[in-house]
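Enquirer: In terms of my numbering, the sequence shown opens at residue 600 and continues consecutively.
Next up is a structure, given as structure tokens.
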Amino acid sequence: MEKYRLLREKLLRDGVVTENQLVPAGPASDIDLLRAHDRRYVEGLRDHTLPEKELRPIGLTWSPQLLERSLTSVGGFIAATDRALKDGFSGLLAGGTHHAHADRGEGYCVFNDFAVAALRLLELGKVKRILIIDLDVHQGNGNSSILGNREDVFILSLHGERNYPFRKVPSHLDVALPEGTTDETYLEALDNALASVTFSPDIIFYQAGVDNLREDLLGTFHMTFKGLSARDRRVLEYANGIPVALAIGGGYARPIELTVEAYANTFKVAKEFLKK
Ligand SMILES: [Zn+2]
């Protein structure tokens, strides 16, 4: 939990962002949530009436604070997508909750921020096509279960074949990489995957998980800070002016400062690009 605070502090301390560039998020509304989630699930979480066995796969204990945090995290990503459409780039200092399905959460994900924000932009007619680039080490089974059959969304996922979730739900393009994947192998796979995507989006949602890092406790890859920054540059080069909304995704290194540093590096790379 503390990584979110540490990231915010580090971005300010390192001069990557100023206080007035940080905009607090409001909670997602029911109208927005219900575009991607079942009413029974949303109300069950809100009222704390979901059976315990349905809460267990989330891996977090229900509390009013958890509910508030989950709603605000989705609200934050919604705001990031609106802001990206105006400014070209915006990042949420949280989120990327790609394991949440329409009717259930799992893997520390309560609501699915990318699915909620995608369906909102499409239904409001703000965009016609959305590309999701999901580079967290875990496959975004929730994104795929909600959006995987749509033609106006394209999900590209690079992930660990031996990582959770063990039953993966097909994305539009899945690239599963073996245990011990290094920077070099990863970047080559990413280049090939991006080159094969023939989809012209109006906005890109980037799940920039840093659990690819060698020191991560839940990831199986052996990537370095340098490799992750090269990865981020590839994505922003690929975007080439298409608006990008980013969420930080997973990161579980010990000490947690390594994860925070990796997240901060992503924002540093984005800032270099914005200057250009
Ligand atoms: Zn992850």
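Ideal placement from N, C-alpha and C gives every residue a C-beta, glycine not left out.
Between the alpha carbons of residue 641 and residue 783, how many angstroms are there, rounded?
Expert: Roughly 42 Å separates the two Cα atoms.
Enquirer: In its own chain, which residues sit with a C-beta less than 8 Å from the C-beta of residue 772, not counting the 5 before and 5 after it?
Expert: Around residue 772: 753, 754, 755, 756, 792, 795, 796.
Enquirer: State buried or exposed for residue 680, treating a residue as buried only when at least 16 other CB atoms are found within 10 Å of its CB.
Expert: Residue 680 is buried by the Cβ-count criterion.
Enquirer: Pick from 646, 828, 802: whose alpha carbon is nearest that of residue 718?
Expert: Among 646, 828, 802, the Cα nearest to that of residue 718 belongs to 802.
Enquirer: Looking at residue 851 and residue 816, is the spacing between their C-beta atoms short of 8 Å?
Expert: Yes.
Enquirer: Grab me the residues of residue 828's own chain with a C-beta within less than 7 Å of its C-beta, minus the 5 sequence neighbours each way, in chain order.
Expert: The answer, listed in chain order, is 864, 868.
Enquirer: Taking the alpha helix (DSSP H) that residue 745 belongs to, which residues open and close that run?
Expert: Where residue 745 is concerned, the enclosing alpha helix (DSSP H) stretches over 740-746.
Enquirer: Name the two residues that bound the continuous alpha helix (DSSP H) containing residue 855.
Expert: That run of the alpha helix (DSSP H) goes 855-874.
Enquirer: With a threshold of 6 Å on Cβ separation, who are the neighbours of residue 805 within its own chain once the five nearest residues in sequence on each side are excluded?
Expert: Taken in chain order, the residues that qualify are 732, 834, 843, 845.
Enquirer: For residue 770 versus residue 747, is the C-beta distance shorter than 8 Å?
Expert: Against a cut-off of 8 Å, the Cβ pair of residue 747 and residue 770 comes out as a contact.
Enquirer: Here's the rule: buried if 16 or more other CB atoms are within 10 angstroms of the residue's CB, otherwise exposed. What is residue 825?
Expert: By the neighbour-count rule (16 or more Cβ atoms within 10 Å), residue 825 is not buried but exposed.
Enquirer: Going by DSSP, name the residue or residues bridged to residue 804.
Expert: In the DSSP output, where bridge partners are listed per residue, residue 804 has 731, 844.
Enquirer: If we ignore side chains and look at the alpha-carbon of each, how far apart do residue 778 and residue 760 end up?
Expert: One C-alpha to the other measures close to 7 Å.
Enquirer: Applying the criterion that 16 or more other CB atoms from any shown protein chain within 10 Å of the CB defines a buried residue, is residue 727 buried or exposed?
Expert: Residue 727 is exposed by the Cβ-count criterion.
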